[in-house]
Amino acid sequence: MSASTLQAVAIGASAGALDALSVILPPLPADFRLPLFLVVHLPPDKESLLTDILAAKCRLRVREAEDKIPIEGGTLYVAPPNYHMLVESDGCLSLSSDEEVHFSRPSIDVLFESAADAYGEALGGIVLTGANEDGAAGLRAIAAAGGTAVVQQPALAMAAAMPQAALNACPSARVLGLEAIGAWLQSLHQEGSS
Numbered sequence: 007m008s009a010s011t012l013q014a015v016a017i018g019a020s021a022g023a024l025d026a027l028s029v030i031l032p033p034l035p036a037d038f039r040l041p042l043f044l045v046v047h048l049p050p051d052k053e054s055l056l057t058d059i060l061a062a063k064c065r066l067r068v069r070e071a072e073d074k075i076p077i078e079g080g081t082l083y084v085a086p087p088n089y090h091m092l093v094e095s096d097g098c099l100s101l102s103s104d105e106e107v108h109f110s111r112p113s114i115d116v117l118f119e120s121a122a123d124a125y126g127e128a129l130g131g132i133v134l135t136g137a138n139e140d141g142a143a144g145l146r147a148i149a150a151a152g153g154t155a156v157v158q159q160p161a162l163a164m165a166a167a168m169p170q171a172a173l174n175a176c177p178s179a180r181v182l183g184l185e186a187i188g189a190w191l192q193s194l195h196q197e198g199s200s
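Following this note's numbering, the numbering of the sequence shown begins with 7 at its first residue and continues without gaps.
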């Protein structure tokens, strides 16, 4: 599948997330054509500043996900604390307070699996730095649906456990450093707009 046929990208990160996202997201142009869905493990009992921090660094529109909002290209949707974020087949997002997965809500697996159901082979999934196994089953689901799986090189991640678990679950994933992941995302925009 060529990069130009991707219609969305889902990203999961945990420990070390902000440093990793600060490398891959700021270079993306304001007219980036795809929606991006982001789950970062956050404390459930605090207001998250992640959306504001990323909005200050990025040219993309950055917004915290809300229940039933329509998905638009060029927008980074950030899962709010203590809610799973799911992609619906009708082109909207939904939020759920279902059980934690891998001690996490929001869960990367929940996002990835719902997005794989909605987009199939038109989805890209990226697992970044983190200290548990969340995202591994979800990335395997993306690959099984024909989507593109990308994992941050574990040896270069601030916390290697999560990308390594994803790679173990999805050995066909592309293994890239942060700059290369950023370049891959930019290539999606360039190929899609050419």
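The beta-carbon is built from N, C-alpha and C at its ideal position, and this holds for glycine as well. Keep in mind that this is a model prediction, so the values were computed, not measured.
- Task: Pick helix, strand or coil for E127, following the three-state DSSP scheme.
- Result: It is helical.
- Task: Give the C-beta separation of P33 and G188 to the nearest angstrom, bearing in mind that I take them to be a contact with Cβ-Cβ under 8 Å.
- Result: The beta carbons of P33 and G188 sit about 5 Å from each other, so the pair counts as a contact at 8 Å.
- Query: Hey, out of I17, A36, G79, T11, whose CA is closest to A142's CA?
  - Reply: With distances taken between Cα atoms, A142 lies closest to I17.
- Item | Distance between I30 and E60 (C-alpha atoms, nearest Å) | In the sequence under discussion, the amino acid at residue 60 is Leu, which differs from the Glu named in the question. Taking the straight line joining both Cα atoms gives about 11 Å.
- Item | C-beta contact flag for D73 and I114 at 7 Å | Contact flag unset, no.
- Just how far apart, CA to CA, sit M7 and E127? Because M7 sits at a pLDDT of 42, beneath the cut-off of 50, its placement in the model cannot be relied upon, and the following sentence gives the value as read from the coordinates. M7 and E127: Cα-Cα distance of roughly 8 Å.
- Message: Please confirm whether V156 has its beta-carbon closer than 7 Å to some beta-carbon of chain D.
- Response: The question asks about chain D, but that chain is absent: this structure has only one protein chain.
- Message: Can you look up E119 in the DSSP assignment and give me helix, strand or coil?
- Response: Helix, per DSSP.
- Minimum C-alpha distance to A186 - residue among I132, P49, M164: Closest by C-alpha distance to A186, out of I132, P49, M164, is I132.
- Query: Within the present structure, is the beta-carbon of S28 separated from the nearest heavy atom of the ligand NAP by less than 6 Å?
  - Reply: Looking at this structure, you won't find the ligand NAP or any other ligand, since it has none at all.
- Item | For P50, the three-state DSSP class (helix, strand or coil) | DSSP, reduced to helix, strand and coil, places P50 outside both helices and strands of the structure shown, so it counts as coil.
- Using alpha carbons as the reference points, say which of G22, S54, W190 lies closest to T154. The option with the nearest alpha carbon to T154 is W190.
- Query: Name the DSSP beta bridge partners of E70, please?
  - Reply: Residue pairing by DSSP places E70 opposite V84 in a beta bridge.
- Query: Between the beta-carbon of V84 and the beta-carbon of E70, is there less than 7 Å?
  - Reply: Annotated as proximal: V84 and E70, with beta-carbon spacing under 7 Å.
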